[in-house]
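Here's the structure we're looking at; comments come further down.
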Amino acid sequence: MKKSTWIAIIAVVIVAIGGGWWVYSQHQSETQTMTDAKPIGKTATIFLHGYSGGRGSTDYLIAQAEKAGGTKVLTATVAPNGKVTWQGNPHKVKHPLIQVLFTNNKNPDYTVDGKWVDNVAKGLKKDYGVQELNIVAHSMGNLGTMFYAVRNGNDKNVPKLKTYIAMAGHYDGILGRDDQPNRIKLDAAGKPAPMNDTYAELARLRAKFPQNVRVLNIFGNLDDGTNSDGRVSNNSSRSLKYLVSASHAVYSEKEFHGKSAQHSALHGNAKVAKAMVDYLW
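The sequence shown: position 225 = 292 (this note's numbering), numbered continuously.
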């Protein structure tokens with residue numbers, strides 16, 4: 068047999084072995100992922116930070132929830148491409164808590180933020196056995212929550228949305244950007260005028276918000292005449308009511324006052340944390 072023929076045969080064998088090993092290693096990787104995944108409980112609570120936020124944005128809220136009987140079992144880090152990396156010690160507990168961190172924490176496309184929340188929710192159901200979901204969100208995290216809820220919240224592959232606690236949500240604009248103090252007016256149903264483009268899109272989809280969700284809307288008032296938390300007008304926050312009312316949400320509001328109710332201070336406010344814990348459990 069010619070030398071060139073032997074070389075060709077050897078090359079084919081090497082490629083075949085290499086391909087087989089790749090398939091085997093991929094199968095092993097998938098199997099390992101499934102083996103490592105553990106049920107953490109029927110109902111889990113995720114914490115979503117706002118624009119430019121991170122661990123510090125929700126650490127205090129999580130710590131207070133742990134004092135009340137919750138257990139932080141996972142951190143979900145979402146890459147800009149939507150891939151979720153899970154870290155922690157997943158095990159079954161009464162009230163599992165998950166901190167969600169967006170690597171791109173300044174993403175202005177709220178529909179993309181919603182897709183990232185969807186990826187987290189799908190992972191919680193598929194890999195960790197979660198059947199019901201509570202969401203605690205601050206600022207921009209609320210827009211991600213809402214776009215997730217109206218676009219993917221009824222998907223059978225995600226846990227049923229049970230409770231939504233909103234903090235400082237800017238559903239109809241931000242002061243100094245597309246809103247100004249005392250500009251937004253609400254009608255009896257909570258429908259705002261004027262509406263910005265983001266709100267108009269959410270209003271168009273509001274009938275798709277999951278049914279019978281318990282919603283607590285928390286916002287701050289500096290009591291300085293602006294009827295705002297310094298960044299978001301109270302009526303921009305309160306316009307959430309109209310978005311969830313079509314789906315028979317159990318809706319309530321809590322307004323906090325003074326310097327500790329400033330936009331970025333809300334998630335470190337002890338009274339806010341107590342209201343959150345009391346509403347969750």
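Positions of the beta carbon are idealized from the N, C-alpha and C atoms, including for glycine.
Coarse secondary structure for residue i, derived from DSSP in three states
i	result
residue 145	strand
residue 298	coil
residue 108	coil
residue 140	strand
residue 251	coil
residue 160	coil
residue 115	strand
residue 345	helix
residue 246	strand
residue 312	helix
residue 124	helix
residue 272	coil
residue 306	coil
residue 102	Since pLDDT at residue 102 reaches only 39, below the 50 mark, its modelled position is unreliable, and no value is offered.
residue 176	coil
Closest by C-alpha distance to residue i, when choosing among the options
i	options	result
residue 240	263, 255 and 224	263
residue 336	191, 235 and 227	235
residue 221	192, 278 and 124	278
residue 246	272, 304, 210 and 233	304
residue 345	132, 124, 117 and 121	132
residue 259	275, 244, 238 and 190	238
residue 207	164, 117 and 153	117
residue 215	285, 178 and 193	178
residue 149	180, 283 and 155	180
residue 182	156, 154, 217 and 164	217
Beta-ladder partner(s) of residue i, from DSSP
i	result
residue 319	283
residue 324	288
residue 153	143
residue 166	114 and 142
residue 260	252
Supposed close pair residue i, residue j - CB separation, criterion 8 Å
i	j	result
residue 162	residue 107	Actually they are not in contact, since the Cβ atoms of residue 162 and residue 107 sit about 10 Å apart, beyond 8 Å.
residue 145	residue 112	Contact doesn't hold; Cβ gap of about 17 Å is too wide.
residue 292	residue 323	With a Cβ gap of about 17 Å, residue 292 and residue 323 do not count as contacting.
residue 151	residue 187	6 Å
residue 242	residue 298	6 Å
residue 210	residue 227	Actually they do not touch by this definition, with Cβ atoms about 21 Å apart.
Every unbroken alpha helix (DSSP H) inside the region 182–241 [4 residues or more]: 207–219
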